[in-house]
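Scroll down for the structure; my scribbles are underneath it.
Residue numbers (the UniProt record's numbering): 1 to 419.
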(Lines of atoms letter the chains of each structure in order from A and count residues from 1; the text may use other names and numbers.)
(Lines give C-alpha, C1' and ligand atoms only; values in the text may rest on other atoms or scores of the structure.)
Protein backbone atom coordinates (compact mmCIF):
# COMPACT_ATOMS: atom_id res chain seq x y z
CA UNK A 1 0.00 0.00 0.00
CA UNK A 2 1.50 3.39 -0.95
CA UNK A 3 2.30 5.79 1.90
CA UNK A 4 -0.16 8.53 2.77
CA UNK A 5 0.64 11.65 0.83
CA UNK A 6 1.80 14.88 2.45
CA UNK A 7 0.57 17.87 0.47
CA UNK A 8 1.00 21.61 1.09
CA UNK A 9 -1.18 24.45 -0.11
CA UNK A 10 1.01 27.55 0.15
CA UNK A 11 -0.79 30.90 0.10
CA UNK A 12 0.92 34.30 -0.19
CA UNK A 13 -0.78 36.47 2.42
CA UNK A 14 -2.25 39.67 0.91
CA UNK A 15 -0.05 38.83 -2.06
CA UNK A 16 -0.11 42.01 -4.15
CA UNK A 17 -0.12 44.26 -1.08
CA UNK A 18 2.75 42.34 0.54
CA UNK A 19 4.89 42.73 -2.58
CA UNK A 20 4.21 46.47 -2.66
CA UNK A 21 5.01 46.90 1.05
CA UNK A 22 8.29 45.04 0.53
CA UNK A 23 9.08 47.46 -2.31
CA UNK A 24 8.12 50.50 -0.19
CA UNK A 25 9.63 50.17 3.31
CA UNK A 26 8.19 53.59 4.20
CA UNK A 27 4.71 51.98 4.17
CA UNK A 28 5.66 49.12 6.49
CA UNK A 29 3.22 50.06 9.29
CA UNK A 30 0.67 51.86 7.13
CA UNK A 31 -2.64 50.58 5.71
CA UNK A 32 -1.91 49.70 2.07
CA UNK A 33 -4.19 48.47 -0.69
CA UNK A 34 -3.56 47.73 -4.35
CA UNK A 35 -5.88 49.43 -6.84
CA UNK A 36 -6.00 52.34 -9.26
CA UNK A 37 -5.64 55.54 -7.18
CA UNK A 38 -7.03 57.60 -10.05
CA UNK A 39 -10.35 55.73 -10.05
CA UNK A 40 -12.49 56.60 -7.03
CA UNK A 41 -14.90 53.78 -7.83
CA UNK A 42 -12.14 51.32 -8.72
CA UNK A 43 -11.92 47.91 -7.09
CA UNK A 44 -9.41 46.98 -4.39
CA UNK A 45 -7.39 43.97 -5.59
CA UNK A 46 -5.59 43.33 -2.30
CA UNK A 47 -5.51 44.83 1.20
CA UNK A 48 -2.68 44.39 3.69
CA UNK A 49 -3.39 43.14 7.26
CA UNK A 50 -3.11 46.70 8.65
CA UNK A 51 -5.81 47.91 6.25
CA UNK A 52 -8.00 44.91 7.07
CA UNK A 53 -7.99 45.94 10.74
CA UNK A 54 -9.92 49.04 9.65
CA UNK A 55 -12.51 46.83 7.98
CA UNK A 56 -11.13 47.25 4.46
CA UNK A 57 -11.79 44.18 2.32
CA UNK A 58 -10.83 42.96 -1.12
CA UNK A 59 -13.16 43.78 -4.03
CA UNK A 60 -14.77 46.82 -2.38
CA UNK A 61 -14.66 50.27 -3.96
CA UNK A 62 -11.75 52.57 -3.16
CA UNK A 63 -14.03 55.37 -1.96
CA UNK A 64 -15.71 52.95 0.46
CA UNK A 65 -12.33 51.86 1.82
CA UNK A 66 -11.17 55.46 2.26
CA UNK A 67 -14.33 56.22 4.23
CA UNK A 68 -13.28 53.50 6.70
CA UNK A 69 -9.60 54.44 6.65
CA UNK A 70 -8.74 58.05 5.67
CA UNK A 71 -4.99 57.34 5.82
CA UNK A 72 -5.25 54.52 3.29
CA UNK A 73 -2.33 54.25 0.84
CA UNK A 74 -3.53 53.16 -2.62
CA UNK A 75 -0.83 51.74 -4.91
CA UNK A 76 -1.35 51.12 -8.60
CA UNK A 77 -1.05 47.39 -9.49
CA UNK A 78 2.01 46.03 -11.30
CA UNK A 79 0.80 42.72 -12.70
CA UNK A 80 4.05 41.74 -14.39
CA UNK A 81 5.88 42.16 -11.08
CA UNK A 82 3.35 39.92 -9.30
CA UNK A 83 3.69 37.24 -11.98
CA UNK A 84 7.48 37.39 -11.67
CA UNK A 85 7.30 36.94 -7.88
CA UNK A 86 4.85 34.05 -8.29
CA UNK A 87 7.27 32.30 -10.68
CA UNK A 88 10.11 32.90 -8.21
CA UNK A 89 8.05 31.21 -5.51
CA UNK A 90 7.50 28.27 -7.85
CA UNK A 91 11.28 27.93 -8.20
CA UNK A 92 11.63 27.93 -4.40
CA UNK A 93 9.03 25.15 -4.12
CA UNK A 94 10.72 23.16 -6.87
CA UNK A 95 13.95 23.19 -4.85
CA UNK A 96 12.06 21.04 -2.31
CA UNK A 97 9.87 18.89 -4.58
CA UNK A 98 9.42 18.31 -8.29
CA UNK A 99 5.64 18.06 -7.78
CA UNK A 100 4.47 21.69 -7.74
CA UNK A 101 1.08 22.69 -9.14
CA UNK A 102 0.07 26.36 -9.38
CA UNK A 103 -3.51 26.88 -8.23
CA UNK A 104 -3.62 30.66 -8.67
CA UNK A 105 -1.09 33.48 -8.83
CA UNK A 106 -0.73 33.42 -5.02
CA UNK A 107 -1.50 29.75 -4.22
CA UNK A 108 0.38 26.59 -5.14
CA UNK A 109 0.16 22.93 -4.19
CA UNK A 110 3.34 20.99 -3.33
CA UNK A 111 3.53 17.23 -2.79
CA UNK A 112 6.41 16.77 -0.31
CA UNK A 113 5.83 13.07 0.35
CA UNK A 114 9.19 12.14 -1.18
CA UNK A 115 11.03 15.05 0.42
CA UNK A 116 10.41 14.35 4.09
CA UNK A 117 13.32 11.94 4.44
CA UNK A 118 15.77 14.55 3.13
CA UNK A 119 14.41 17.78 4.58
CA UNK A 120 12.87 16.72 7.89
CA UNK A 121 9.24 16.67 9.00
CA UNK A 122 6.43 18.35 7.08
CA UNK A 123 6.36 21.17 9.63
CA UNK A 124 10.12 21.71 9.27
CA UNK A 125 9.79 21.91 5.48
CA UNK A 126 6.90 24.38 5.87
CA UNK A 127 8.96 26.62 8.17
CA UNK A 128 11.89 26.47 5.72
CA UNK A 129 9.60 27.52 2.85
CA UNK A 130 8.12 30.37 4.91
CA UNK A 131 11.59 31.66 5.80
CA UNK A 132 12.93 31.38 2.25
CA UNK A 133 9.92 33.15 0.70
CA UNK A 134 10.03 35.96 3.27
CA UNK A 135 13.73 36.58 2.59
CA UNK A 136 13.41 36.39 -1.19
CA UNK A 137 10.13 38.26 -1.74
CA UNK A 138 8.92 39.89 1.48
CA UNK A 139 5.71 37.84 1.28
CA UNK A 140 4.36 36.01 4.35
CA UNK A 141 3.41 32.43 3.42
CA UNK A 142 0.52 30.56 5.03
CA UNK A 143 0.75 26.80 4.62
CA UNK A 144 -1.92 24.15 5.05
CA UNK A 145 -0.78 20.53 5.31
CA UNK A 146 -2.93 17.51 4.54
CA UNK A 147 -3.03 14.03 2.99
CA UNK A 148 -5.10 15.38 0.08
CA UNK A 149 -5.26 18.60 -1.90
CA UNK A 150 -8.73 19.36 -0.59
CA UNK A 151 -7.65 19.03 3.07
CA UNK A 152 -4.51 21.09 2.46
CA UNK A 153 -6.66 23.82 0.90
CA UNK A 154 -9.16 23.87 3.77
CA UNK A 155 -6.31 23.77 6.30
CA UNK A 156 -4.90 26.93 4.76
CA UNK A 157 -8.17 28.82 4.39
CA UNK A 158 -9.69 27.98 7.75
CA UNK A 159 -6.70 27.62 10.07
CA UNK A 160 -3.22 28.55 8.75
CA UNK A 161 -4.41 32.02 7.70
CA UNK A 162 -5.77 32.64 11.20
CA UNK A 163 -3.03 31.42 13.55
CA UNK A 164 0.23 33.14 14.46
CA UNK A 165 2.66 30.66 12.93
CA UNK A 166 0.77 30.37 9.63
CA UNK A 167 1.02 26.56 9.49
CA UNK A 168 -1.70 24.01 10.18
CA UNK A 169 -2.04 20.28 9.58
CA UNK A 170 -5.49 18.87 8.84
CA UNK A 171 -5.68 15.10 8.43
CA UNK A 172 -8.00 12.18 9.03
CA UNK A 173 -7.10 12.08 12.73
CA UNK A 174 -8.23 15.63 13.56
CA UNK A 175 -10.75 16.34 10.81
CA UNK A 176 -13.72 15.54 13.05
CA UNK A 177 -12.45 17.76 15.87
CA UNK A 178 -11.17 20.70 13.82
CA UNK A 179 -13.05 20.86 10.52
CA UNK A 180 -16.46 19.34 11.10
CA UNK A 181 -17.72 21.89 13.68
CA UNK A 182 -17.20 24.75 11.19
CA UNK A 183 -20.19 26.36 9.41
CA UNK A 184 -20.90 24.74 6.09
CA UNK A 185 -20.04 27.92 4.14
CA UNK A 186 -16.40 27.39 5.19
CA UNK A 187 -16.23 24.15 3.21
CA UNK A 188 -14.33 24.45 -0.05
CA UNK A 189 -16.52 25.41 -3.05
CA UNK A 190 -19.58 26.23 -0.93
CA UNK A 191 -20.62 29.78 -1.82
CA UNK A 192 -23.48 31.73 -0.26
CA UNK A 193 -26.21 30.27 -2.48
CA UNK A 194 -25.13 26.67 -1.83
CA UNK A 195 -24.85 27.41 1.89
CA UNK A 196 -28.52 28.45 1.88
CA UNK A 197 -29.43 25.10 0.28
CA UNK A 198 -27.53 23.23 3.00
CA UNK A 199 -29.24 25.29 5.70
CA UNK A 200 -32.66 24.42 4.25
CA UNK A 201 -31.65 20.74 4.21
CA UNK A 202 -30.86 20.95 7.94
CA UNK A 203 -27.09 20.73 7.43
CA UNK A 204 -25.59 23.88 9.01
CA UNK A 205 -22.07 22.50 9.62
CA UNK A 206 -19.47 20.62 7.59
CA UNK A 207 -19.81 17.70 9.99
CA UNK A 208 -23.55 17.47 9.31
CA UNK A 209 -22.73 16.82 5.65
CA UNK A 210 -19.89 14.41 6.42
CA UNK A 211 -21.85 12.26 8.88
CA UNK A 212 -24.72 11.57 6.51
CA UNK A 213 -24.76 8.46 4.40
CA UNK A 214 -24.15 9.39 0.77
CA UNK A 215 -27.50 7.98 -0.30
CA UNK A 216 -29.29 10.18 2.26
CA UNK A 217 -27.41 13.31 1.12
CA UNK A 218 -28.38 12.54 -2.47
CA UNK A 219 -32.01 12.13 -1.43
CA UNK A 220 -32.06 15.49 0.36
CA UNK A 221 -30.32 17.30 -2.49
CA UNK A 222 -32.72 15.83 -5.04
CA UNK A 223 -35.60 17.17 -2.96
CA UNK A 224 -33.92 20.57 -2.64
CA UNK A 225 -32.29 20.97 -6.06
CA UNK A 226 -33.66 18.32 -8.44
CA UNK A 227 -32.49 14.94 -9.73
CA UNK A 228 -29.51 16.43 -11.58
CA UNK A 229 -27.81 17.11 -8.21
CA UNK A 230 -26.41 13.59 -7.61
CA UNK A 231 -22.92 14.49 -8.86
CA UNK A 232 -22.88 17.60 -6.65
CA UNK A 233 -23.98 15.53 -3.65
CA UNK A 234 -21.11 13.09 -4.10
CA UNK A 235 -18.61 15.93 -4.53
CA UNK A 236 -19.68 17.74 -1.34
CA UNK A 237 -19.84 14.49 0.64
CA UNK A 238 -16.28 13.62 -0.37
CA UNK A 239 -15.07 17.17 0.30
CA UNK A 240 -16.53 17.18 3.83
CA UNK A 241 -14.66 13.93 4.51
CA UNK A 242 -11.41 15.15 2.93
CA UNK A 243 -11.53 12.59 0.12
CA UNK A 244 -9.61 13.77 -2.94
CA UNK A 245 -7.52 11.29 -4.95
CA UNK A 246 -6.34 13.88 -7.49
CA UNK A 247 -2.53 14.10 -7.62
CA UNK A 248 -0.36 17.19 -7.54
CA UNK A 249 0.67 17.60 -11.17
CA UNK A 250 3.50 19.81 -12.33
CA UNK A 251 1.97 20.02 -15.82
CA UNK A 252 -1.74 20.77 -15.52
CA UNK A 253 -2.71 22.11 -18.96
CA UNK A 254 -5.01 19.79 -20.86
CA UNK A 255 -5.89 19.84 -24.51
CA UNK A 256 -6.85 23.34 -25.61
CA UNK A 257 -10.55 23.59 -26.50
CA UNK A 258 -10.89 27.24 -27.51
CA UNK A 259 -9.12 30.56 -27.90
CA UNK A 260 -10.97 33.61 -26.63
CA UNK A 261 -10.56 37.28 -25.86
CA UNK A 262 -12.92 39.76 -24.21
CA UNK A 263 -13.10 43.36 -23.07
CA UNK A 264 -15.20 45.16 -20.47
CA UNK A 265 -16.19 48.51 -21.96
CA UNK A 266 -16.85 51.80 -20.20
CA UNK A 267 -20.57 52.17 -19.58
CA UNK A 268 -22.30 54.52 -21.98
CA UNK A 269 -19.32 55.06 -24.29
CA UNK A 270 -19.90 52.29 -26.85
CA UNK A 271 -23.27 52.90 -28.47
CA UNK A 272 -22.35 53.31 -32.14
CA UNK A 273 -21.79 50.41 -34.51
CA UNK A 274 -18.65 51.99 -35.99
CA UNK A 275 -17.05 52.21 -32.53
CA UNK A 276 -17.98 48.65 -31.62
CA UNK A 277 -16.63 47.37 -34.94
CA UNK A 278 -13.21 48.76 -33.96
CA UNK A 279 -13.16 46.82 -30.67
CA UNK A 280 -14.55 43.68 -32.30
CA UNK A 281 -11.75 43.70 -34.89
CA UNK A 282 -9.10 44.24 -32.19
CA UNK A 283 -10.38 41.19 -30.30
CA UNK A 284 -10.30 39.08 -33.44
CA UNK A 285 -6.76 40.22 -34.24
CA UNK A 286 -5.54 39.02 -30.82
CA UNK A 287 -7.46 35.74 -31.00
CA UNK A 288 -6.06 34.85 -34.40
CA UNK A 289 -2.53 35.83 -33.37
CA UNK A 290 -2.80 33.64 -30.26
CA UNK A 291 -4.23 30.72 -32.25
CA UNK A 292 -1.36 30.89 -34.75
CA UNK A 293 1.20 31.06 -31.93
CA UNK A 294 -0.29 27.92 -30.40
CA UNK A 295 -0.52 26.15 -33.77
CA UNK A 296 -4.32 26.02 -34.04
CA UNK A 297 -7.09 27.01 -36.40
CA UNK A 298 -10.80 26.99 -35.57
CA UNK A 299 -14.04 26.11 -37.34
CA UNK A 300 -16.58 27.83 -35.07
CA UNK A 301 -16.70 31.54 -34.20
CA UNK A 302 -18.81 32.78 -31.26
CA UNK A 303 -19.61 36.32 -30.15
CA UNK A 304 -20.93 37.30 -26.73
CA UNK A 305 -22.34 40.70 -25.79
CA UNK A 306 -23.68 42.37 -22.65
CA UNK A 307 -25.68 45.54 -23.31
CA UNK A 308 -27.85 48.00 -21.40
CA UNK A 309 -29.95 51.10 -21.93
CA UNK A 310 -29.39 52.24 -18.35
CA UNK A 311 -32.50 50.53 -17.02
CA UNK A 312 -32.65 47.04 -18.48
CA UNK A 313 -29.87 44.55 -19.12
CA UNK A 314 -29.66 42.26 -22.12
CA UNK A 315 -27.14 40.21 -24.02
CA UNK A 316 -26.52 37.27 -26.28
CA UNK A 317 -24.06 34.49 -27.11
CA UNK A 318 -24.27 33.28 -30.70
CA UNK A 319 -21.99 31.17 -32.90
CA UNK A 320 -21.52 30.25 -36.53
CA UNK A 321 -19.66 27.48 -38.34
CA UNK A 322 -17.16 28.46 -41.01
CA UNK A 323 -16.69 26.62 -44.33
CA UNK A 324 -13.19 25.53 -43.25
CA UNK A 325 -10.98 25.95 -40.16
CA UNK A 326 -9.03 29.22 -40.05
CA UNK A 327 -6.90 31.56 -37.99
CA UNK A 328 -6.92 34.33 -40.60
CA UNK A 329 -8.10 37.66 -39.20
CA UNK A 330 -10.20 38.54 -42.24
CA UNK A 331 -12.21 35.33 -42.15
CA UNK A 332 -12.84 35.32 -38.41
CA UNK A 333 -13.64 39.05 -38.36
CA UNK A 334 -16.20 38.67 -41.16
CA UNK A 335 -18.03 35.95 -39.23
CA UNK A 336 -17.84 37.82 -35.92
CA UNK A 337 -19.15 41.05 -37.48
CA UNK A 338 -22.07 39.22 -39.10
CA UNK A 339 -23.06 37.68 -35.75
CA UNK A 340 -22.80 40.98 -33.93
CA UNK A 341 -24.76 42.95 -36.52
CA UNK A 342 -27.51 40.32 -36.57
CA UNK A 343 -28.14 40.00 -32.82
CA UNK A 344 -27.10 43.34 -31.29
CA UNK A 345 -30.17 45.23 -30.04
CA UNK A 346 -28.59 48.66 -30.43
CA UNK A 347 -28.06 49.39 -26.74
CA UNK A 348 -24.83 50.52 -25.07
CA UNK A 349 -22.39 47.58 -24.91
CA UNK A 350 -20.64 46.94 -21.57
CA UNK A 351 -18.83 43.72 -22.46
CA UNK A 352 -17.78 42.11 -25.73
CA UNK A 353 -15.98 38.82 -26.26
CA UNK A 354 -15.12 36.54 -29.16
CA UNK A 355 -14.33 32.82 -29.08
CA UNK A 356 -12.71 30.56 -31.69
CA UNK A 357 -13.46 26.89 -31.05
CA UNK A 358 -13.51 23.42 -32.67
CA UNK A 359 -9.75 23.76 -32.94
CA UNK A 360 -7.53 21.67 -35.17
CA UNK A 361 -3.82 21.59 -36.00
CA UNK A 362 -2.87 24.35 -38.45
CA UNK A 363 0.04 22.48 -40.06
CA UNK A 364 -2.30 21.93 -43.03
CA UNK A 365 -5.07 24.22 -44.24
CA UNK A 366 -7.55 24.32 -47.09
CA UNK A 367 -6.62 26.27 -50.23
CA UNK A 368 -9.40 27.99 -52.16
CA UNK A 369 -9.84 28.76 -55.84
CA UNK A 370 -10.40 32.51 -55.65
CA UNK A 371 -8.35 33.61 -52.59
CA UNK A 372 -4.64 33.27 -51.85
CA UNK A 373 -4.91 31.99 -48.27
CA UNK A 374 -1.26 30.89 -48.23
CA UNK A 375 -0.14 34.46 -48.92
CA UNK A 376 -2.47 35.79 -46.21
CA UNK A 377 -0.99 33.38 -43.68
CA UNK A 378 2.53 34.47 -44.65
CA UNK A 379 1.63 38.13 -44.12
CA UNK A 380 -0.04 37.49 -40.77
CA UNK A 381 2.81 35.34 -39.47
CA UNK A 382 5.27 38.05 -40.48
CA UNK A 383 3.17 40.56 -38.55
CA UNK A 384 3.14 38.19 -35.58
CA UNK A 385 6.93 38.05 -35.64
CA UNK A 386 7.20 41.85 -35.55
CA UNK A 387 4.82 42.03 -32.58
CA UNK A 388 6.62 39.23 -30.74
CA UNK A 389 9.93 41.05 -31.10
CA UNK A 390 8.94 44.69 -30.64
CA UNK A 391 5.63 44.58 -28.78
CA UNK A 392 1.98 44.24 -29.74
CA UNK A 393 1.63 47.92 -30.68
CA UNK A 394 4.69 47.93 -32.96
CA UNK A 395 2.38 47.27 -35.91
CA UNK A 396 -1.37 47.61 -35.71
CA UNK A 397 -4.50 48.37 -37.70
CA UNK A 398 -5.15 52.05 -38.41
CA UNK A 399 -8.63 51.68 -36.87
CA UNK A 400 -7.00 51.06 -33.49
CA UNK A 401 -5.75 54.65 -33.53
CA UNK A 402 -9.34 55.90 -33.44
CA UNK A 403 -10.77 57.09 -30.14
CA UNK A 404 -12.81 53.89 -29.82
CA UNK A 405 -9.72 51.67 -30.03
CA UNK A 406 -8.60 49.80 -26.90
CA UNK A 407 -5.60 47.88 -28.28
CA UNK A 408 -3.01 50.40 -27.07
CA UNK A 409 -4.52 50.44 -23.59
CA UNK A 410 -4.63 46.64 -23.47
CA UNK A 411 -0.98 46.42 -24.53
CA UNK A 412 -0.02 48.14 -21.26
CA UNK A 413 -2.04 45.67 -19.20
CA UNK A 414 -2.08 42.06 -18.07
CA UNK A 415 -5.46 40.54 -17.29
CA UNK A 416 -7.08 43.98 -17.49
CA UNK A 417 -4.63 45.51 -14.98
CA UNK A 418 -1.52 47.59 -15.52
CA UNK A 419 1.77 45.72 -15.87
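Where a beta carbon is used, it is the ideal one built from N, C-alpha and C, also for glycine.
Under the criterion of beta carbons closer than 8 Å, residue 56 and residue 44 qualify as touching, at roughly 7 Å. Under the 8 Å Cβ criterion, the region 139-155 counts as touching the region 166-184, having at least three qualifying pairs. It is roughly 26 Å from the alpha-carbon of residue 180 to the alpha-carbon of residue 121. In the three-state reduction of the DSSP assignment, residue 377 falls in the helix class. The C-beta of residue 129 has 16 or more other C-beta atoms within 10 Å across all chains shown, which makes the residue buried. For the pair of segments examined, the region 65-80 was found to touch the region 30-47: the number of CB pairs separated by less than 8 Å reaches three. For residue 202, the closest of 214, 224 and 367 by C-alpha to C-alpha distance is 224. A straight-line Cα-Cα distance of about 15 Å links residue 362 and residue 322. Assignment of beta-bridge partners to residue 315 by DSSP yields 306. Residue 190 and residue 208 have their C-alpha atoms spaced approximately 14 Å apart.
Rounded to whole angstroms, the Cβ separation of residue 126 and residue 9 is 11 Å, and the two are not in contact under 8 Å. In summary, residue 218 is buried, with 16 or more beta-carbon neighbours lying within 10 Å of its beta-carbon over all protein chains present. With 16 or more neighbouring CB atoms inside 10 Å of its own CB, residue 292 falls in the buried class. For residue 11, there is no enclosing alpha helix (DSSP H); the residue is found in the beta strand (DSSP E) stretching over 7-12.
Residue 260 sits away from residue 298, with the two beta carbons spaced by 8 Å or more. Taking every protein chain shown into account, the CB of residue 242 has 16 or more other CB atoms within 10 angstroms, so this residue is buried. Taking the CA atoms as reference points, residue 176 sits about 53 Å from residue 268.
The Cβ atoms of residue 188 and residue 105 do not sit closer than 8 Å to each other. Rounded to whole angstroms, residue 308 and residue 270 show a C-alpha spacing of 11 Å.
Per DSSP, the unbroken alpha helix (DSSP H) holding residue 230 starts and ends at 230-240. Judged by their CB atoms, residue 112 and residue 97 are nearer to each other than the 8 Å cut-off. In the DSSP assignment, residue 102 falls within the beta strand (DSSP E) that extends over 100-104.
Between the region 133-144 and the region 156-164, the count of Cβ pairs shorter than 8 Å is three or higher; the stretches touch.
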